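To keep things clear, I will list the structure first and then write my remarks on it.
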Amino acid sequence: MHFTSRTARWAARSTLSAALVLTLFAPANVAAAAPAPPRVDLRVLVVSDGGPATAAIAAELDGAGTPYTVLDLTRPDRPRIDGGFLADTLDGRPRAKYQAVVLPNDNPFGAGSAEMAALVSYEKAFAVPQVDAYTYARPEVGLDRPANGGYSGPLDGVRAEVTAAGAAGPFGYLDGGIPFEDNSPSVDESYGYVAKPLPGADFTSYVEAPLPGTPERGSIVGEYRHDGRRELVVGFVYNQYQRQFRLLARGIVDWMTQGVRLGASRNYFAVHVDDVFAADDRWDTELDCTPGDVDCAPGQGGEPDPIRMTAADAQYAAEWSAAKDFTLDMAYNGGGSELYKEEHGGTDPLAQRLTADRHAYRWINHTYNHPFLGCVQDVTVVPWVCAKNPDGSTTYVTRAEISSQIGDNRAWGQRAGLPLENSELVTGEHSGLKILPQQPDDNPHLGPALADNAVTWLGSDNSRDRAQRKVGPALTVPRHPMNVFYNAGRTTEQIDEYNWIYTRASDGGSGICESATGTTCLDEPLDAVTGYTDYIVPLEVRIGLGHVLANDPRPHFIHQSNLAEDRIAYPVLDRIIDDYAGLYAADTPLVNLRQQQIGAELRDRAAWNTAVKAGRVTAYRIGDTVTVRAPSGVRATATMPAGTRQDLLLGSQAFGSPYAGSLAGWASPALLQDRVTLTLPAATAQAATADGADPVQRSAPRPPVPAGVRQRVPYGVTG
439 MHFTSRTARW AARSTLSAAL VLTLFAPANV AAAAPAPPRV DLRVLVVSDG
489 GPATAAIAAE LDGAGTPYTV LDLTRPDRPR IDGGFLADTL DGRPRAKYQA
539 VVLPNDNPFG AGSAEMAALV SYEKAFAVPQ VDAYTYARPE VGLDRPANGG
589 YSGPLDGVRA EVTAAGAAGP FGYLDGGIPF EDNSPSVDES YGYVAKPLPG
639 ADFTSYVEAP LPGTPERGSI VGEYRHDGRR ELVVGFVYNQ YQRQFRLLAR
689 GIVDWMTQGV RLGASRNYFA VHVDDVFAAD DRWDTELDCT PGDVDCAPGQ
739 GGEPDPIRMT AADAQYAAEW SAAKDFTLDM AYNGGGSELY KEEHGGTDPL
789 AQRLTADRHA YRWINHTYNH PFLGCVQDVT VVPWVCAKNP DGSTTYVTRA
839 EISSQIGDNR AWGQRAGLPL ENSELVTGEH SGLKILPQQP DDNPHLGPAL
889 ADNAVTWLGS DNSRDRAQRK VGPALTVPRH PMNVFYNAGR TTEQIDEYNW
939 IYTRASDGGS GICESATGTT CLDEPLDAVT GYTDYIVPLE VRIGLGHVLA
989 NDPRPHFIHQ SNLAEDRIAY PVLDRIIDDY AGLYAADTPL VNLRQQQIGA
1039 ELRDRAAWNT AVKAGRVTAY RIGDTVTVRA PSGVRATATM PAGTRQDLLL
1089 GSQAFGSPYA GSLAGWASPA LLQDRVTLTL PAATAQAATA DGADPVQRSA
1139 PRPPVPAGVR QRVPYGVTG
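Counting from 1 along the sequence shown, just add 438 to a position and that's the residue number in my numbering.
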């Protein structure tokens, strides 16, 4: 099996580690009784020079929930690295304080450094791997210099490839190709060294890039073994947001932790479609506002021209979902259907089609009529303001009105046979929650109304309120807004509004981009015909796929209008899903969760990360046993080799669920236990030394895709 091959190699090094520690710590003239293996704490040491490469690796560890310690070389008051900093003895057993070391390059301390000498001794004694986050190609790292048939320079637009050894090892979750970003022709976005292994060096190339002007390739990521040590040599610079790093980050962490670590990472993608059954107001390309909504002055514009899906649009959505094997979350307003029936002879073909296909989707309560549930809005002015009571306090929508909107929509969905989760809610425009500058506080009636209706997961706007927080009995689930506008059903409307927002006043735009914090103006207005496909779609794909590759479970949201008329959402969604499928192997699918699962993931991560940063998590490996202790009520997250089991008071149970060739998941202590104990598969130690060969030289093909794994899988948890 693929992962068994990797863990076998790593287990062999653990065996070597025990032998080395035996030599270091055993007294002379003692018979060869096998000593207890050392304890290795599950924590990574990141030695940083302030550069983007080590910061990127630290960010990857942070996002996954993997404990690490940063030693900042730029600080004069930093601790010095010596034997005591790296290792000690605990309960009579040698202890390695770090399972891996990340350096900014192969030796950031300089020639003759006592600190580097201490690291070398430590890595040899405990078989601890070292990552050179970004280093020059030269003999000291097992590579020939670029002048000898290699290359140094920009890598923008290059397509690197995972080698056979990389596919059998730490990068087997990739489909092979690694495209380097090239977002601007005027800026060098990535620089690196493409080099050949030095003749005679024990170097295995994992990722290679083409050598310009030749049919040959050279290494940009590889493993160098020398002097009883292992280094992962990375020969290009990157930051934490660049796609090439995001694609390789998992493999870098798997390599350095030998496949045994706290924390987990998956690639998530969920899409909420708001306002289903309702209609959305349309952008007016002449007025540059939306008649019927609050951005147009009262009375401005003629009769509203709303955008609403048709039965044909609904049929297309179901067919698309089946073809992509991807489930959309439909946030519905039942009152929208009732209003349509009142105006169209008592029938609603859209509702008939969507409810007939109801099991093709997940459904979320979006309130009955989609009213604003925060303060009472005074829309006689633009922008609107909150109405005031006679005493000057804010006038809020009442608890009874909020509760009615939730309950009436739930009842409508139940009559329609929709498969609902009553704990989930997204209010119209995320209203009821604070919105700046008009409403700096939540509607005080929102929490009690959520309690009235047993709502525990409440959608929020990630662009305004990124952190999960408590509102009454509910936790928020922040959602990423996609820049496909709710008031655009046609491509021309999307381009026109985009130009209005993102061009300077001198170019005919609103000039908002010149004054809004964090907003950049376009160099010139987008082409009225091609601007959507040539600019907006690629940008939204890059942003959306960036979230997917960043271990971010937060859902994205669009509106039903984007599935109507020109169906402008599909080019973005198609590209994200198809590009992902072209980058990752079949055993590393998109994870498509519903709102309550996403909320639980965010909740558990927050509790875990708080405990880790407070130093309240203890975790270590001794031989093939991993022990994790966390505060009561805090679930532990880990990534382990296939075959790992969690020990119970009597017997054991499988740990985690398969993803990217390993197992990952959440676990809590079993009954009458105060810690999580995991047993690694015995084969990891036995297979590693079965034939006496250097385990680093062996490789194995990736295992077949487990039965039932498809492009969309649920996130299984244990414990």
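Where a beta carbon is used, it is the ideal one built from N, C-alpha and C, also for glycine. No experiment lies behind these values; they were computed from the predicted model shown.
**Message:** Restricting to Cα atoms, I'd like to know which of Ala716, Trp801, Cys727, Cys824 is closest to Asp786.
**Reply:** For Asp786, the closest C-alpha among the options Ala716, Trp801, Cys727, Cys824 is that of Ala716.
**Message:** Taking 8 Å as the threshold (C-beta atoms), are Thr1075 and Trp1104 in contact?
**Reply:** Yes; because the gap between Cβ atoms is below 8 Å, this pair is in contact.
**Message:** On the DSSP bridge list, what partners appear for Phe641?
**Reply:** According to DSSP, Phe641 bridges with Tyr662.
**Prompt:** By how many angstroms is the C-alpha of Gly845 removed from the C-alpha of Val732?
**Reply:** One C-alpha to the other measures close to 26 Å.
**Request:** Could you tell me how far apart the beta carbons of Arg667 and Val539 are, in whole angstroms, since I believe they sit closer than 8 Å?
**Result:** Incorrect: roughly 10 Å between the Cβ atoms, too far for contact.
**Asked** On the three-state DSSP scale, how would you describe Phe674?
**Response** strand
**Request:** Under 8 Å Cβ to Cβ from Leu385, same chain only, skipping five residues before and after it: list those, please.
**Result:** Within the shown structure, residues of the chain are numbered from 439 to 1157, placing residue 385 beyond reach of any answer.
**Request:** Kindly indicate the opening and closing residues of the alpha helix (DSSP H) around Tyr754.
**Result:** 749–762
**Asked** Three or more beta-carbon pairs under 8 Å between the segment 979–988 and the segment 674–694, yes or no?
**Response** yes
**Asked** Can you round the beta-carbon distance between Leu1001 and Ala755 to whole angstroms, since I take them to be within the 8 Å contact cut?
**Response** 6 Å
**Request:** Could you please give me the residues that DSSP links to Gly897 through a beta bridge?
**Result:** Val915
**Asked** Would the beta-carbon of Gly530 fall within 8 Å of that of Phe609?
**Response** no
**Item:** Start-to-end residues for the alpha helix (DSSP H) that takes in Gly885
**Value:** 884–890
**Asked** Grouping DSSP H, G and I as helix and E and B as strand, with all else coil, what is Ala1125?
**Response** Confidence is the limiting factor: at Ala1125 the pLDDT is only 38, short of 50, which leaves the residue's position unreliable and the question unanswerable from this model.
**Request:** Compute the distance between the beta-carbons of Asn705 and Leu1028, then report whether it is under 8 Å.
**Result:** yes
**Request:** In the DSSP assignment, find the unbroken alpha helix (DSSP H) run with Trp822 in it and report its ends.
**Result:** That residue, Trp822, is in no alpha helix (DSSP H); it is neither H nor E in DSSP.
**Prompt:** In three-state terms, what does DSSP make of Trp721?
**Reply:** Coil at Trp721, not helix or strand.
**Element boundaries [alpha helix (DSSP H), containing Gly739]** = Taken as a continuous stretch (DSSP letters only), Gly739 belongs to no alpha helix (DSSP H), as it is neither H nor E.
**Asked** Secondary structure at His804, three-state DSSP: helix, strand or coil?
**Response** coil
**Message:** Can you give me the C-alpha to C-alpha distance between Asp767 and Thr512, rounded to a whole angstrom?
**Reply:** Rounded to whole angstroms, Asp767 to Thr512 spans 48 Å at the Cα level.
**Other residues of its chain near Pro878: CB distance less than 8 Å, five sequence neighbours each side excluded** = Lys872
**Request:** Specify the secondary structure class of Tyr611 as computed by DSSP and reduced to three states.
**Result:** coil
**Item:** Chain-order list of residues whose beta-carbon lies under 6 Å from that of Pro431 (same chain, five-residue window excluded)
**Value:** The requested residue 431 is not part of the displayed model; the chain covers only 439 to 1157.
**Item:** Pro886 vs Gln843 beta-carbon contact at 8 Å
**Value:** In this structure, Pro886 sits away from Gln843, with a CB-CB distance that is not shorter than 8 Å.
**Item:** Delimiting residues of the beta strand (DSSP E) encompassing Glu438
**Value:** The question about residue 438 has no answer here: the residues shown for the chain are numbered 439 through 1157.
**Buried or exposed (CB count within 10 angstroms, at least 16 for buried), Leu686** = buried
**Item:** Reduced DSSP secondary structure (H/G/I, E/B, other) of Asn860
**Value:** strand
**Request:** Evaluate Ala585 with the Cβ neighbour count: other Cβ atoms within 10 Å of its Cβ, from every protein chain shown; 16 or more gives buried, anything less gives exposed.
**Result:** Burial call: exposed.
**Prompt:** Can you round the beta-carbon distance between Trp938 and Ser953 to whole angstroms, since I take them to be within the 8 Å contact cut?
**Reply:** With a Cβ gap of about 14 Å, Trp938 and Ser953 do not count as contacting.
**Message:** Within a Cβ cutoff of 7 Å, which residues of the same chain sit near Ala1098, ignoring the five residues on either side of it in sequence?
**Reply:** Contacts found: Tyr611, Arg688, Asp1025, Thr1026.
**Message:** Closer than 8 Å is the cut-off here; do at least three beta carbon pairs connect the segment 506–526 with the segment 559–569?
**Reply:** With a cut-off of 8 Å, the segment 559–569 and the segment 506–526 count as touching, because enough Cβ pairs lie within range.
**Item:** Closest residue to Leu480 among Ser628, Gln696, Leu581, Val596 (Cα-Cα distance)
**Value:** Gln696
**Message:** Buried or exposed, going by whether 16 or more other CB atoms sit within 10 Å of the CB of Asp712?
**Reply:** buried
**Prompt:** When the Cα atoms are used, what is the spatial distance from Glu780 to Gly870?
**Reply:** 29 Å
**Asked** Which partner residues of Gly656 appear in the DSSP bridge assignment?
**Response** Ala647
**Asked** Rounded C-beta distance between Gln1084 and Val1114? I'm assuming under 8 Å.
**Response** A Cβ-Cβ separation of about 7 Å places Gln1084 in contact with Val1114 under the 8 Å criterion.
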